[in-house]
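Heads up: the sequence shown begins at 0 in numbering that gives the first Met the number 0, then just goes up one per residue.
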Amino acid sequence: MKGANQNRKGILVIQSMGLGDLLCAIPVLKVVKRAYPDEPVTFLTSFQNAELLSIISEVKEIISYRSKSLSEIFNLISRIRSCSFRMVLVLNPIFRGSILAWCSGADVRIGYLRDYERKQSMRGFERLFLTHSYVPRDEKM
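See below:
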């Protein structure tokens, strides 16, 4: 099993919210690329955001979706799994992003955890999907 994990490469960044949130993700991409210069970065977002990402040099590939239908989600899961990502970063507090991260099979899955989700994680539910979580320093932000 360790041999299979060594073949994993690349980082998937999931940010499926609006344009403003996508713009806030650009500094994160720069930091990720600086920390992992040899890892290709793939970005998963909505179809409306994909065009903007095409001009961001840190992003090697863009995976976009048009709808949130069940068939579209299954297609996304299939595509994500086939890429064998080493790491997934979920930049928005949407539970669907954490599930997609888990479905990727990546060994490292980092995501946003709001206060009520942190309380749930004490019961172990959220830990099924993320290996690492972060909470904003200032809850008002």
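For glycine and all other residues, C-beta sits at the position ideal for the given N, C-alpha and C.
Open item on the list: Taking the alpha helix (DSSP H) that E152 belongs to, which residues open and close that run?
Closed with: In this structure the chain extends from 0 to 140, so residue 152 is not present and cannot be described.
Open item on the list: Judging by CA-CA distance, which residue of W101, R85, F73, D106 is the nearest neighbour of T41?
Closed with: The sequence position of residue 41 within the sequence shown is 42, counting from 1. Selected option, being the one with the closest Cα: R85.
Task: S97 versus R33: straight-line alpha-carbon distance, rounded - done: For the purposes of this step, residue 97 is taken as residue 98 along the sequence shown, with counting starting at 1. For the purposes of this step, residue 33 is taken as residue 34 along the sequence shown, with counting starting at 1. Their backbone Cα atoms lie some 24 Å apart in a straight line.
- [ ] Tell whether a beta-carbon distance below 8 Å holds between I109 and L88.
- [x] Residue numbering aside, residue 109 sits at position 110 when the sequence shown is read from its first letter. Residue numbering aside, residue 88 sits at position 89 when the sequence shown is read from its first letter. Closer than 8 Å, so yes.
Open item on the list: Mapping the DSSP letters down to three states, classify L129 as helix, strand or coil.
Closed with: By one-based count along the sequence shown, residue 129 stands at place 130. Coil at L129, not helix or strand.
TODO: Measure the Cβ-Cβ separation of R78 and C102 and say whether it is below 8 Å.
DONE: Here residue 78 refers to the residue found at position 79 of the sequence shown. Here residue 102 refers to the residue found at position 103 of the sequence shown. Cβ distance not < 8 Å, so R78 and C102 don't count as in contact.
- [ ] Kindly provide the ranges of any beta strand (DSSP E) runs that are 3 or more residues long and lie completely inside the stretch 50–103, ordered along the chain.
- [x] 60–64, 86–89
Open item on the list: With distance defined between alpha-carbon atoms, name the residue in V31, A49, L28, P26 nearest to S15.
Closed with: Along the sequence shown, one-based indexing puts residue 15 at 16. Considering only alpha carbons, the answer is A49.
Task: Own chain, CB closer than 8 Å to L127, minus 5 neighbours either side, in chain order - done: Residue mapping note: residue 127 aligns to position 128 of the sequence shown, counting from 1. Around L127: W101.
Task: Expected contact under 8 Å - CB spacing of K59 and P39 to nearest Å - done: Position 60 of the sequence shown, counting from 1, holds the residue named residue 59. Position 40 of the sequence shown, counting from 1, holds the residue named residue 39. Indeed they touch by this definition, with Cβ atoms about 4 Å apart.
Task: Whole-angstrom C-beta distance between I13 and I55, which should lie under 8 Å - done: Here residue 55 is taken as the residue at index 56 of the sequence shown, counted from 1. Here residue 13 is taken as the residue at index 14 of the sequence shown, counted from 1. That belief does not hold up - the Cβ atoms of I55 and I13 are roughly 15 Å apart, past 8 Å.
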